[in-house]
Amino acid sequence: MAPAPQPTQLVRAFAVWLVLIVAEILHGIARGVFLVPHVGEFRSNQIGVFTGSIIILVIALIFVRWIGASRTTDLLAVGFLWLGLTLAFEVAFGRFVVGASWERLWVDYNVLKGGLLPFGMLVLLLSPLIAGKVRGLG
Numbered sequence: 067m068a069p070a071p072q073p074t075q076l077v078r079a080f081a082v083w084l085v086l087i088v089a090e091i092l093h094g095i096a097r098g099v100f101l102v103p104h105v106g107e108f109r110s111n112q113i114g115v116f117t118g119s120i121i122i123l124v125i126a127l128i129f130v131r132w133i134g135a136s137r138t139t140d141l142l143a144v145g146f147l148w149l150g151l152t153l154a155f156e157v158a159f160g161r162f163v164v165g166a167s168w169e170r171l172w173v174d175y176n177v178l179k180g181g182l183l184p185f186g187m188l189v190l191l192l193s194p195l196i197a198g199k200v201r202g203l204g
C-alpha cells in the first residue's frame, strides 16, 4: 500500500484549491457580466464548464510541482481533495449564501437535462494527475 500524502502536500493542495475557488468565482462573475446577457444563464453555465476546465488545468499546471505530490496516488488524492472541497463549497455557498433551492443546485449536474458540471468536476478531479503527467511527475 502506498504511503499517504504528506501533511505539507495537503496544506499546499488546500492553498491551491483556494486559488482555484477565487479564480472560479471571478470566472463566474465575468460570465454573468459578459456572457449571460447574450446567451442566457443555462447556456452560459454550459460554456463555463469548458472555460472553467481550462482555468483549472492551467492553475494545476502552474502549481503541481509546488504541491509536492509526485506519485500518481498522491496526485489523485489531491484531485479528490479538490473535488470534495469544491462540492462542499458549491452546496454550502449555493444553498446557504445564495439561497438556491436543491432543485436549482441539481440542474447543472443533471447531464440528462444538458447540465455539464459533472464533466467539469471530472476535469477538476483529474487535473492534478494530468498536470503531473505533463510536468513529468506521477
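Just so we're aligned, residue 67 is where the sequence shown starts under the numbering used here, counting upward by one. All residues carry an ideal CB built from backbone N, CA and C; glycine is no exception. Predicted, not measured: the structure shown is a model, and the values here were computed from it.
(request) Pick helix, strand or coil for residue 79, following the three-state DSSP scheme. (result) Reading the sequence shown from its first residue, position 13 is the one you call residue 79. Helix at residue 79.
(request) For residue 176, count neighbouring Cβ atoms within 10 angstroms of its own Cβ and tell me buried if that reaches 16, exposed if not. (result) Sequence index remark: in the sequence shown, residue 176 carries index 110 (1-based). Flag for residue 176 reads exposed.
(request) Indicate the three-state DSSP secondary structure (helix, strand or coil) for residue 112 in the structure shown. (result) Stepping through the sequence shown from its first residue, residue 112 is reached at position 46. Residue 112: helix per DSSP, three-state reduction.
(message) Just to check my reading of the structure: residue 124 and residue 194 have Cβ atoms closer than 8 Å, yes? What is that Cβ distance to the nearest angstrom?
(response) What you label residue 124 is simply residue 58 of the sequence shown in a count that begins at 1. What you label residue 194 is simply residue 128 of the sequence shown in a count that begins at 1. No, residue 124 and residue 194 are not in contact; Cβ-Cβ is about 13 Å, not under 8 Å.
(request) Give the DSSP-derived three-state secondary structure of residue 166 in the structure shown. (result) On the sequence shown, position 100 is the one that residue 166 refers to. If DSSP states are grouped into helix, strand and coil, residue 166 belongs with coil.
(request) Could you name each continuous alpha helix (DSSP H) segment of 4 residues or more that falls completely within the segment 120–199, going from the start of the chain to the end? (result) 138–158, 168–173
(request) Using the Cα positions of residue 127 and residue 171, report the straight-line distance between them to the nearest angstrom. (result) In the sequence shown, the residue the question calls residue 127 occupies position 61. In the sequence shown, the residue the question calls residue 171 occupies position 105. One C-alpha to the other measures close to 29 Å.
(message) Counting C-beta neighbours from all protein chains within 10 Å, is the total for residue 169 16 or more, i.e. buried, or is it exposed?
(response) On the sequence shown, residue 169 is found 103 positions in, with the first residue counted as 1. Answer is exposed; the Cβ neighbour count stays below 16.
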